[in-house]
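Chains as they are written, first to last, in my numbering: chain A, 151 to 418; chain B, 151 to 418.
The beta carbon of each residue, even a glycine, is placed where N, CA and C say it ideally should be.
As structure tokens, the structure follows; a few thoughts come after it.
2 protein chains.
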Amino acid sequence: MGELVFVGMGLYDEKGVSFCGLEEAKTSDFVFAEFYTSLMTGLSLERLERMLGKEVLVVSRKTLEDDNGEPILQKAEKLKVVFLVPGDPLIATTHVDLRIRAEKRGIKTRIVHGASIVSAAMGLSGLQNYRFGRSVTVPFSEPGGVYETPYNVVAENKSRDLHTLCFLDIRVEEERFMTAQEALRILLLLEEKNKMHAVTLDSLAVGIARAGAENAVVKADSVKSLLNYNFGSPPHTLVFPAERLHFVEADALVKLAGAPERVKKMAR
Amino acid sequence: MGELVFVGMGLYDEKGVSFCGLEEAKTSDFVFAEFYTSLMTGLSLERLERMLGKEVLVVSRKTLEDDNGEPILQKAEKLKVVFLVPGDPLIATTHVDLRIRAEKRGIKTRIVHGASIVSAAMGLSGLQNYRFGRSVTVPFSEPGGVYETPYNVVAENKSRDLHTLCFLDIRVEEERFMTAQEALRILLLLEEKNKMHAVTLDSLAVGIARAGAENAVVKADSVKSLLNYNFGSPPHTLVFPAERLHFVEADALVKLAGAPERVKKMAR
Numbered sequence: 151m152g153e154l155v156f157v158g159m160g161l162y163d164e165k166g167v168s169f170c171g172l173e174e175a176k177t178s179d180f181v182f183a184e185f186y187t188s189l190m191t192g193l194s195l196e197r198l199e200r201m202l203g204k205e206v207l208v209v210s211r212k213t214l215e216d217d218n219g220e221p222i223l224q225k226a227e228k229l230k231v232v233f234l235v236p237g238d239p240l241i242a243t244t245h246v247d248l249r250i251r252a253e254k255r256g257i258k259t260r261i262v263h264g265a266s267i268v269s270a271a272m273g274l275s276g277l278q279n280y281r282f283g284r285s286v287t288v289p290f291s292e293p294g295g296v297y298e299t300p301y302n303v304v305a306e307n308k309s310r311d312l313h314t315l316c317f318l319d320i321r322v323e324e325e326r327f328m329t330a331q332e333a334l335r336i337l338l339l340l341e342e343k344n345k346m347h348a349v350t351l352d353s354l355a356v357g358i359a360r361a362g363a364e365n366a367v368v369k370a371d372s373v374k375s376l377l378n379y380n381f382g383s384p385p386h387t388l389v390f391p392a393e394r395l396h397f398v399e400a401d402a403l404v405k406l407a408g409a410p411e412r413v414k415k416m417a418r
Numbered sequence: 151m152g153e154l155v156f157v158g159m160g161l162y163d164e165k166g167v168s169f170c171g172l173e174e175a176k177t178s179d180f181v182f183a184e185f186y187t188s189l190m191t192g193l194s195l196e197r198l199e200r201m202l203g204k205e206v207l208v209v210s211r212k213t214l215e216d217d218n219g220e221p222i223l224q225k226a227e228k229l230k231v232v233f234l235v236p237g238d239p240l241i242a243t244t245h246v247d248l249r250i251r252a253e254k255r256g257i258k259t260r261i262v263h264g265a266s267i268v269s270a271a272m273g274l275s276g277l278q279n280y281r282f283g284r285s286v287t288v289p290f291s292e293p294g295g296v297y298e299t300p301y302n303v304v305a306e307n308k309s310r311d312l313h314t315l316c317f318l319d320i321r322v323e324e325e326r327f328m329t330a331q332e333a334l335r336i337l338l339l340l341e342e343k344n345k346m347h348a349v350t351l352d353s354l355a356v357g358i359a360r361a362g363a364e365n366a367v368v369k370a371d372s373v374k375s376l377l378n379y380n381f382g383s384p385p386h387t388l389v390f391p392a393e394r395l396h397f398v399e400a401d402a403l404v405k406l407a408g409a410p411e412r413v414k415k416m417a418r
């Protein structure tokens, strides 16, 4: 009887994996990994393999999405297989799908969780997790037009006095990683069209770069100022705070994210 | 110049800490830890100290909330201090507050993220993270009455076709940990009063016990059935799915969380 253990690698580099995940990988017959659902800029495959003491087989989007992860499932039918995934392993729908396929074939599955950008970005922003509404991804614009959902989600959350966490599109195969500035420009275009005052040049936003890295950057300011702020290399994430802040949130934005003092006027 | 490194311990036991967090603790002058914001049932202080090769000073809620973490800050003014926190370290507001106090005193702070129940519960439920509305904590009822916010949050999220993640109250000092059943009974009482059809005996819910443990349990069924389901020991978490499900979500609830086949009728 085989088994498939999904192990979260956490953020940034190979040292993000938990001690428990490391043990699972060391005691497995095969280790697979994917690096296309998130960008782990500090990770070196060579160092990872040295840490685990075994070869890591990297699978592509095609293997997982078009071929339904068949190479992984075939091994896991009889052996212990570890599948390393950036962040927390079941946040990407494609991995939930792989887990369902495995269970349908009688393969036992287990999960070893890892740090995720979901909780990391909430914590780094200094904003309270129970005040976040639904989150959303800002995708690259296609020739056909701009996808309006991200703008609408920010507007809806603001109307309910909630914060919004925006993930930014990454296309590892094309080496395209959306920057905070690109996302802000997309949202400003949608503001011009929809005029709901959700993302204006004066709106407060928080940009987060390289969460989990030693050189992580968190900067809160007006959209106008953030358009000229140098966040450095990707990955980037954006947070749009609600119009009203709890006083600890305002204090955190000023002291931990370098927001201008006037943000304190938004506090209750 | 001292520094204060917040290190997330992840879920369940001492092996939830990342390799990076382990290194930070090993190279620090003092290691503090708190165990009251989340329940890590598998953790042994003795094993943790052995893993780190040094003493771990456990701080209480009183030290952090009444005394503003003064013992930690005093050490961190001149030395490298690691503060171990269950889950991802900045999800609890009290730790954001400690970080602000440290920075105000000129102490450099850094964050090593850990797996959080926020992303773990989303992933384990098989529901898609961008369909979660705001999350909420169900507190123990006080003699004065029942706190209505959790019910209202579930109702609001459902009205917007969103899922709800409910954290359940824990009071480590009193050894009281709310079970899924207790939370369901509180919400059913509020349903009787408010009649918004948010949490009825027929509503679908997902109970999660001991996320991150080898013996984690995830069970989806009607509230009526879950009231009689044996989840085992705490900690427990609840998820209330939206009334409509994506077909992968319905499939996941059936295959991964043992939901009845009729759940597939909720799929689009």
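Where the stretch 213-225 of chain B meets chain A: residues whose CB sits under 8 Å from a CB there: none
Minimum length 4: unbroken alpha helix (DSSP H) runs contained in the stretch 179-237 of chain B: Annotation: the stretch 179-237 of chain B contains the following complete segments of the alpha helix (DSSP H) (minimum length 4 residues), in chain order: 195-202, 220-226.
Any 3 or more C-beta pairs closer than 8 Å across the stretch 349-361 of chain B and the stretch 318-338 of chain B: Three or more beta-carbon pairs separated by less than 8 Å link the stretch 349-361 of chain B to the stretch 318-338 of chain B, which places the two stretches in contact.
Members of the stretch 167-179 of chain B that neighbour chain A once the beta carbon cut-off is set at 9 Å: Val167, Ser168, Phe169, Cys170, Gly171, Leu172, Glu173
Minimum C-alpha distance to isoleucine 267 of chain B - residue among B:Glu253, B:Thr287, B:Ile261, B:Thr259: It is B:Thr287 whose Cα lies nearest to the Cα of isoleucine 267 of chain B.
Cβ-based burial, serine 269 of chain A [other Cβ within 10 Å; buried from 16]: buried
Leucine 172 of chain B versus valine 368 of chain B - alpha carbon distance: For leucine 172 of chain B and valine 368 of chain B, the distance between alpha carbons rounds to 29 Å.
8 Å Cβ cut-off: residues of chain B touching asparagine 279 of chain A: Ile241, Val268, Ser285
Assigned exposure category for aspartate 208 of chain B - 16 Cβ within 10 Å defines buried: The sequence shown places valine at residue 208 of chain B, not aspartate. When all chains shown are included, valine 208 of chain B counts as exposed.
Simplified DSSP state of serine 168 of chain A, which is helix, strand or coil: strand
Aspartate 247 of chain B: first and last residue of the uninterrupted beta strand (DSSP E) it sits in: From DSSP, aspartate 247 of chain B is part of no beta strand (DSSP E) but of the alpha helix (DSSP H) over 243-254.
Sequence-distant residues of the same chain with beta carbon closer than 6 Å to methionine 135 of chain B, five excluded per side: Since the first and last residues shown for chain B are 151 and 418, residue 135 of chain B lies out of range.
Proximity winner among B:Ala370, B:Val181, B:Ala348, relative to valine 303 of chain B (alpha-carbon distances): Nearest C-alpha to valine 303 of chain B: B:Ala348.
Run of the beta strand (DSSP E) containing phenylalanine 122 of chain A, from where it starts to where it stops: Chain A is shown from 151 up to 418; residue 122 of chain A falls before or after that span and cannot be answered.
C-beta atoms of arginine 418 of chain A and histidine 396 of chain A nearer than 8 Å: Contact flag set, yes.
Whole-angstrom C-beta distance between valine 157 of chain B and valine 232 of chain B, which should lie under 8 Å: That pair is a contact at about 5 Å.
Helix, strand or coil at alanine 175 of chain A according to DSSP, with G and I counted as helix: helix
Check: valine 389 of chain B C-beta below 7 Å from any heavy atom of the ligand SAH: By its list of ligands, the structure shown contains no ligand whatsoever, and the ligand SAH lies outside what it can speak to.
Cα-Cα separation between aspartate 352 of chain B and glycine 294 of chain A, rounded to whole angstroms: 43 Å
Counterpart residues of phenylalanine 282 of chain A in DSSP-defined beta bridges: Phenylalanine 282 of chain A is bridged by DSSP to A:His313.
Between the CA atoms of isoleucine 257 of chain A and alanine 226 of chain A - distance to the nearest angstrom: 7 Å
Test: isoleucine 358 of chain B CB closer than 8 Å to a CB of chain A: no
Closer than 8 Å to chain B by CB, histidine 263 of chain A: yes
Close-in-space but distant-in-sequence residues of the same chain around aspartate 238 of chain B (CB under 6 Å, 5 per side omitted): Gly158, His263, Gly264, Ser266
Integer-rounded CB distance, given that tyrosine 186 of chain B should sit under 8 Å from valine 322 of chain B: 4 Å
Spatial distance of arginine 260 of chain A from glutamate 184 of chain B (CA atoms): Spanning the two alpha carbons is a distance of roughly 28 Å.
Closest Cα partner of aspartate 216 of chain B within the set B:Lys204, B:Lys230, B:Lys308, B:His245: B:His245
Closer than 7 Å at the beta carbon, the chain B residues around isoleucine 250 of chain A: Asp401, Ala402, Lys405, Leu406
N-terminal and C-terminal residue of the beta strand (DSSP E) that valine 349 of chain B is part of: Careful: valine 349 of chain B lies outside any beta strand (DSSP E) and carries neither H nor E.
Test item: CB-CB of phenylalanine 317 of chain B and threonine 387 of chain B under 8 Å: yes
Whole-angstrom C-beta distance between leucine 198 of chain A and glutamate 153 of chain A, which should lie under 8 Å: Actually they do not touch by this definition, with Cβ atoms about 21 Å apart.
Partner residues on chain E for aspartate 247 of chain B, Cβ-Cβ distance less than 9 Å: In the structure shown, chain E does not exist; the protein chains are A and B.
Delimiting residues of the beta strand (DSSP E) encompassing leucine 240 of chain A: No beta strand (DSSP E) holds leucine 240 of chain A; DSSP gives it neither H nor E.
Beta bridge counterpart(s) of glycine 158 of chain B as assigned by DSSP: B:Val235
Identity of the residues DSSP links to lysine 369 of chain B by a beta bridge: B:Gly357
Minimum C-alpha distance to lysine 308 of chain A - residue among A:Ala333, A:Arg281, A:Glu324: A:Arg281
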